[in-house]
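What follows is one structure encoded as structure tokens, with my remarks underneath.
Residue numbers (the numbering used here), protein chains in the order written: chain A, 201 to 547; chain B, 201 to 547; chain C, 201 to 547; chain D, 201 to 547.
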């Protein structure tokens with residue numbers, strides 16, 4: 201490992217800038233004069249490419265800049281004032297968004313998740329019990345369901361799990377929203393039994409994460425059936441989520457969805473993650489969760505970690521009672537084999 | 201004019217991408233692994249440079265991505281729930297932000313502006329009348345004052361006007377907030393009698409606009425006296441305004457505040473605007489407002505505009521009763537002499 | 201005038217408790233055990249009587265406790281997040297409700313009123329201009345229209361004025377909401393050319409004010425066509441406007457709508473107001489506004505007011521430049537001829 | 201039992217109107233002309249009496265109309281935008297207020313309660329873990345603590361439990377708010393080891409419930425140290441919680457705090473509750489929770505309940521897996537020995 205590149209960081213999947221092709225394209229298009237607010241030609245092209253990649257020719261596509269913002273805006277646009285959004289108790293909106301959903305006036309109704317996933321049976325049980333409760337009109341009425349794919353624990357839903365969730369949502373007329381901040385890393389996983397077009401058909405709205413998958417910033421919200429709520433543009437503006445230079449997201453997503461770049465770089469992250477897993481396995485280091493995506497959660501002793509000090513960065517996820525640490529090592533589009541080898545050499 | 205660059209657009213100051221030095225710097229730094237959320241080294245450096253440029257060594261500096269978002273976040277962070285923000289009736293927050301301030305629960309209390317500016321006497325008269333009204337506790341209590349510099353009409357406040365506003369704000373303990381979406385274009389104007397450090401001392405918080413002054417996105421919020429409200433970081437996150445890759449803004453502002461680039465490119469916009477003014481004057485085309493900054497408002501007849509069709513773009517600002525149009529022509533950091541010559545050749 | 205009743209107050213129409221028949225009925229029904237939250241038999245009966253009095257057999261009727269609360273709840277229930285409510289600039293929601301509408305996230309879009317009234321042509325001009333503005337999607341989208349009947353200045357809309365407003369609302373699909381805090385005093389005016397059923401048909405929702413017309417508290421919200429928004433009950437609860445002892449409003453409105461009591465006591469207020477007007481006229485005291493309802497606005501000199509000191513109370517409405525005062529004298533269901541005679545004797 | 205009084209309802213403690221002395225006093229004072237909005241002489245007197253009863257001569261006292269409204273208003277007045285309120289997961293604000301706290305923009309942070317009570321150790325553990333979490337600035341920051349006394353399960357905190365909670369709140373500078381919707385029933389319990397003045401000193405704000413303890417409506421918010429947030433009056437108005445006829449609450453609380461009426465009628469409810477408990481005990485009917493206050497939770501079989509059908513009303517609280525029902529029987533200020541005897545005769 202080149203000394204000036206040290207320490208090597210596995211703390212997250214947003215440590216680097218953007219995929220070089222994005223920077224090239226920003227430079228090439230820099231002086232083209234274009235309208236603002238997403239009406240530029242790059243955003244138009246990007247929307248067309250996303251419609252094609254998702255197999256949704258009618259889709260409404262909007263570009264926002266970050267995950268919390270996107271979650272808050274989409275959720276607020278879909279809920280009536282008296283409604284809340286159902287999520288797993290580990291869901292990003294329930295934990296790490298500083299109350300952005302509540303800022304918009306809505307409760308996050310949490311159900312216990314299993315390794316980050318919301319279970320269809322649990323959802324059904326909750327909804328049945330809710331409407332069986334005589335006092336339900338005094339409570340926050342469930343208005344939609346939020347899941348993340350992959351979840352905050354790196355796990356993914358199987359096709360059949362999504363179908364079960366969707367079936368219950370349909371029965372109760374609840375839109376299903378998929379937070380795809382790391383969507384590419386989910387779809388590229390060998391454990392994933394679903395394609396992007398299939399996923400698009402199993403929800404009412406989702407977003408394709410850019411920030412964590414090779415872009416400088418940006419999330420592409422997709423309403424697969426052209427079912428964006430009325431005046432969603434104005435809602436985005438009201439939420440402070442409308443970029444004047446919409447071209448910044450436009451160019452990035454146009455590039456990511458050209459020549460399959462989005463999936464190609466996602467696959468790199470997954471390959472690196474699987475290699476990472478192998479490194480831990482070879483050393484008998486157990487995993488907290490058997491994650492099939494780019495986040496890995498090895499349980500490390502202080503002794504395991506000592507050689508990494510100052511050389512490799514990772515995140516501490518949880519302190520176990522036996523003083524071991526659940527750590528998180530994240531790979532990304534930018535992770536290299538060299539970085540992994542360096543880690544392996546230290547462990 | 202090179203045919204492939206046609207039409208030439210003067211519609212706004214965010215038609216192009218970013219100043220090339222910014223793109224270069226993004227490319228150079230692209231693979232450096234950095235922490236997220238503004239803790240990267242570029243953001244740190246940018247904050248230091250901004251503290252120096254503003255002459256505020258204690259300043260708290262935060263980077264957000266766009267103007268509406270910044271206004272809504274700063275205002276919400278400074279107001280109590282029962283308070284509103286005072287603005288000129290033409291203020292951006294009162295007109296073109298889709299109710300982002302109201303979304304946060306606050307009323308925009310509008311006073312009639314003069315060419316976009318809030319007058320200190322009008323402010324004083326309003327505040328005196330407010331507290332003289334027996335029913336004031338049944339009304340929205342004024343909690344801060346918002347002005348833009350330059351205003352939405354391209355006008356700027358003189359030093360003495362700012363001092364008068366600040367004096368009244370101080371008397372009523374109202375924070376004064378300056379929306380500097382186009383700050384550079386104000387400071388670079390020959391009509392401006394104030395420097396950046398002087399402006400910083402005459403308000404409680406302001407922001408340095410990046411999106412309209414050479415950046416891809418980004419606004420730098422400055423609390424000059426280190427007077428950011430407690431937990432402003434969390435407020436930014438809650439408002440969906442915290443970038444995961446804070447480096448994107450960090451690199452941009454670090455570049456803009458290196459070698460005086462921000463003011464240098466602002467001066468280009470002003471030189472171009474003054475030349476533009478001369479072009480209109482030479483042809484006897486009157487101006488709606490005598491703007492000393494980068495936005496010019498020529499009053500055009502249909503005959504004046506006919507030769508521009510398909511070749512030069514501008515914005516229609518207002519329809520006059522005599523069928524003439526108030527138009528807006530904006531220059532920017534990117535405007536070239538060649539573009540002006542082309543416009544002149546057509547008129 | 202009995203000394204112990206001094207001073208006599210004309211400051212407002214909520215100086216006394218409730219009409220005695222209401223108190224009697226509260227006492228008679230006091231120990232009947234009834235369900236809460238408006239499911240009691242009195243509320244049911246009151247709703248039936250209101251449906252009959254308004255000629256709206258399908259109407260949805262809800263009882264809330266006060267005016268600001270009712271306005272905020274109804275408005276929030278009808279607007280999408282990105283919408284605002286149009287009102288005259290003198291409208292109660294725009295001035296004297298401490299920003300309750302903005303607390304719910306919505307802008308009050310004000311148009312200049314004429315003697316408190318919103319003019320249909322002004323409304324139309326605003327709406328045409330709004331949608332003609334290229335930037336309308338960046339603005340707060342008008343979502344409904346609010347008027348008060350009578351207005352804050354005591355004036356009332358004629359049938360034809362209401363029809364004009366309704367026609368424009370219909371064209372733009374905007375619900376029309378009538379704040380009837382003093383509804384009885386409007387309907388009982390000799391200048392009123394509309395009945396309660398006619399008024400009900402000319403709007404989408406209105407409320408029948410109780411607090412200012414003989415009740416201890418309470419406003420009856422009527423959606424004439426059974427067009428209450430879904431889950432309005434929950435919205436009322438969420439807004440803190442649902443009474444546990446719904447019977448309190450139920451008994452009161454049941455009484456007010458028995459034997460025409462509501463209109464009968466409203467007529468008393470109007471008769472007293474017309475007599476009051478005559479008292480001022482006889483003394484050459486001019487009126488600021490020629491109000492046909494229970495609020496009168498005599499323009500008084502200090503000399504006129506001197507004899508009232510300590511004996512008669514009124515409200516100061518405005519200070520005129522010539523040092524005269526616009527005062528407000530309000531009559532109510534409780535005003536007596538004896539009180540007027542006493543005032544007359546002093547002037 | 202008099203047939204016309206059937207069925208007898210134990211469903212809640214707000215089945216009847218008001219204590220007769222309140223109705224008498226409303227009648228006696230009905231025609232006194234008084235200012236609105238709580239400036240009437242009755243409210244002033246009531247505030248003085250409450251200051252005396254609570255032993256807090258400096259207390260700020262405000263009258264609102266209902267529990268949800270009071271909770272939402274007090275909480276919103278005390279929290280910054282980025283803060284949430286901590287409550288037991290069974291707390292009224294977390295469950296049965298239709299998201300009124302979230303409507304104000306704040307998250308209810310729930311901790312598992314024990315029989316409705318928030319445990320000081322659990323609170324401490326949560327707070328320690330919160331600030332130990334590296335990502336705490338990305339989360340909702342705890343800004344106050346909410347407890348109810350008695351709880352939703354009829355349980356009460358001991359003096360030492362309150363002291364422990366208060367100590368932790370003080371350490372973290374979190375205001376402690378006590379929801380006293382049924383305060384009298386808690387204080388009157390034989391199990392209660394705390395007086396009203398002692399309770400007042402152990403919190404930062406609490407309210408004395410009127411609606412459930414003999415009033416038609418009304419809750420008295422007490423800031424014991426005169427520590428109401430600035431402009432709390434305006435906040436109350438903004439929340440739609442300010443009564444025009446403030447006298448309605450004023451007269452009621454003035455009466456309730458004359459001659460110890462509030463505690464006297466509370467003691468009736470507790471005596472009846474203890475007799476009720478004895479009735480169940482005598483028949484071997486187990487209790488779900490050993491509640492020392494006015495709510496009792498007998499676990500009943502279908503056979504137990506059969507004789508009550510159509511004659512005695514109660515609430516179903518929970519369905520147990522063995523098909524037994526947890527029921528709730530509530531006594532109140534109005535419950536009579538005759539009613540209990542009737543119930544006993546049926547069981």
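C-beta: ideal position from N, C-alpha, C; glycine also. Just so we're clear, the structure is a prediction, and the values are computed from it rather than from any experiment.
Legend entry - Option in A/419, A/265, A/473 and A/439 with minimal Cα separation from residue 539 of chain A: With distances taken between Cα atoms, residue 539 of chain A lies closest to A/473.
Inset, instruction - Please name the residue in C/228, C/475, C/380 and C/351 whose C-alpha comes closest to that of residue 550 of chain C. - result: Lying outside 201 to 547, the shown extent of chain C, residue 550 of chain C is not represented and no answer is given.
Legend entry - Pick from C/417, C/439 and C/395 that is closest to residue 256 of chain C, judged by C-alpha positions: Of C/417, C/439 and C/395, the residue nearest in Cα terms is C/395.
Legend entry - CB contact check: residue 274 of chain A to chain D, cutoff 9 Å: No, residue 274 of chain A does not count as interfacial toward chain D.
Legend entry - Residues near residue 467 of chain D in its chain [Cβ-Cβ closer than 7 Å; skip 5 each side]: Excluding positions up to five away in sequence, the list reads 388.
Inset, instruction - For residue 342 of chain D, count neighbouring C-beta atoms within 10 Å of its own C-beta (all shown protein chains included) and say buried if the count is 16 or more, exposed if not. - result: By the neighbour-count rule (16 or more Cβ atoms within 10 Å), residue 342 of chain D is buried.
Inset, instruction - Establish whether the CB of residue 345 of chain D and some CB of chain A are separated by less than 9 Å. - result: Put simply, the CB of residue 345 of chain D is far from chain A, with every gap to its CB atoms at 9 Å or more.
Inset, instruction - Using three-state DSSP, classify residue 467 of chain C as helix, strand or coil. - result: Secondary structure of residue 467 of chain C (DSSP, three-state): helix.
Legend entry - Secondary structure, alpha helix (DSSP H): runs of 4+ residues fully inside the segment 331 to 365 of chain C: Listed in chain order, nothing qualifies, since the segment 331 to 365 of chain C has no complete alpha helix (DSSP H) run of 4 or more residues.
Inset, instruction - Look at the alpha carbon of residue 204 of chain D and the alpha carbon of residue 239 of chain D, and state the distance between them as a whole number of angstroms. - result: Going from the Cα of residue 204 of chain D to the Cα of residue 239 of chain D covers about 42 Å.
Inset, instruction - For the segment 240 to 326 of chain B, list the alpha helix (DSSP H) runs that are entirely contained and at least 4 residues long, ordered along the chain. - result: Those alpha helix (DSSP H) runs which fall completely within the segment 240 to 326 of chain B and span 4+ residues are 241 to 253, 267 to 278, 292 to 295 and 300 to 303.
Inset, instruction - Measure the alpha-carbon distance for residue 415 of chain B versus residue 458 of chain B and round it to whole angstroms. - result: Taking the straight line joining both Cα atoms gives about 14 Å.
Legend entry - Beta carbon proximity, residue 266 of chain D to chain C, threshold 9 Å: Residue 266 of chain D counts as touching chain C.
Inset, instruction - Tell me where the alpha helix (DSSP H) around residue 401 of chain B begins and ends. - result: Run containing residue 401 of chain B: 396 to 401, per the alpha helix (DSSP H) assignment.
Inset, instruction - Tell whether a beta-carbon distance below 9 Å holds between residue 313 of chain A and residue 291 of chain A. - result: Closer than 9 Å, so yes.
Inset, instruction - Would you kindly work out how many angstroms separate the C-alpha atoms of residue 443 of chain D and residue 300 of chain C, rounded to a whole number? - result: Cα atoms of residue 443 of chain D and residue 300 of chain C: separation of roughly 14 Å, rounded to the nearest angstrom.
Legend entry - Bounding residues of the alpha helix (DSSP H) (the contiguous stretch that carries residue 382 of chain B): Neither: residue 382 of chain B is in no alpha helix (DSSP H) and is coded neither H nor E.
Inset, instruction - Quick one: residues in its chain with C-beta nearer than 6 Å to the C-beta of residue 362 of chain B, no 5 flanking neighbours on either side, listed in chain order? - result: 402, listed in sequence order.
Legend entry - Cα-Cα separation between residue 336 of chain C and residue 295 of chain B, rounded to whole angstroms: Distance from the CA atom of residue 336 of chain C to the CA atom of residue 295 of chain B, rounded to whole angstroms, is 10 Å.
Legend entry - Of the listed residues C/374, C/378 and C/250, nearest to residue 356 of chain C (C-alpha basis): The option with the nearest alpha carbon to residue 356 of chain C is C/378.
Legend entry - Cβ of residue 430 of chain C within 9 Å of any chain A Cβ: Answer yes: the Cβ-Cβ gap between residue 430 of chain C and chain A drops below 9 Å somewhere.
Inset, instruction - Compile a chain-ordered list of the residues in the segment 432 to 455 of chain C whose CB is closer than 7 Å to at least one CB of chain A. - result: So the list reads 433, 434, 435, 437 and 438, given in the order they occur along the chain.
Legend entry - CB contact below 9 Å: residue 337 of chain C versus chain B: So, interface residue.
Inset, instruction - Please check if any C-beta of chain D sits within less than 9 Å of the C-beta of residue 277 of chain B. - result: At least one beta carbon of chain D lies nearer than 9 Å to the beta carbon of residue 277 of chain B.
Legend entry - Proximal residues of chain B, C-beta to C-beta of residue 377 of chain D below 8 Å: What residue 377 of chain D touches in chain B, judged by beta-carbon distance under 8 Å, is nothing: the nearest beta carbon there is about 16 Å away.
Inset, instruction - Give a yes or no on whether 9 Å exceeds the smallest Cβ distance from residue 529 of chain A to chain D. - result: Not closer than 9 Å to any Cβ of chain D, the Cβ of residue 529 of chain A fails to qualify, so no.
Inset, instruction - Ignore the nearest five residues each way along the sequence and tell me which others in residue 226 of chain C's own chain have a CB closer than 6 Å to its CB. - result: Correct list, in chain order: 451.
Legend entry - Boundaries of the beta strand (DSSP E) in which residue 434 of chain A is found, first to last residue: Boundaries around residue 434 of chain A are those of the alpha helix (DSSP H), 432 to 438, since no beta strand (DSSP E) includes it.
Legend entry - residue 260 of chain B beta carbon near the ligand MN (any heavy atom closer than 8 Å): The ligand MN is not part of this structure, which contains no ligands at all.
Inset, instruction - Taking only runs that begin and end inside the segment 404 to 430 of chain C, name each unbroken beta strand (DSSP E) of 3 or more residues, in chain order. - result: Secondary structure in the segment 404 to 430 of chain C: the beta strand (DSSP E) runs of 3 residues or longer, each lying completely within the stretch, are 405 to 409 and 419 to 423 in chain order.
Inset, instruction - Answer yes or no: do residue 310 of chain B and residue 332 of chain B have a C-beta to C-beta separation smaller than 9 Å? - result: Cβ atoms of residue 310 of chain B and residue 332 of chain B: not closer than 9 Å.
Inset, instruction - Along the beta strand (DSSP E) that carries residue 442 of chain D, what are the first and last residues, could you check? - result: Note, residue 442 of chain D: premise wrong, no beta strand (DSSP E); not H, not E.
Inset, instruction - Name the one or two DSSP bridge partners that residue 519 of chain A has. - result: DSSP links residue 519 of chain A through a beta bridge to A/525.
Inset, instruction - Could you tell me the boundaries of the alpha helix (DSSP H) in which residue 503 of chain B lies? - result: Residue 503 of chain B -> alpha helix (DSSP H) spans 502 to 505.
Legend entry - Minimum Cβ-Cβ distance from residue 497 of chain A to chain D less than 9 Å: Answer no: the Cβ-Cβ gap between residue 497 of chain A and chain D never drops below 9 Å.
Legend entry - Residue nearest to residue 448 of chain D in terms of C-alpha spacing, selected from C/243, C/275, C/411 and C/330: Nearest C-alpha to residue 448 of chain D: C/411.
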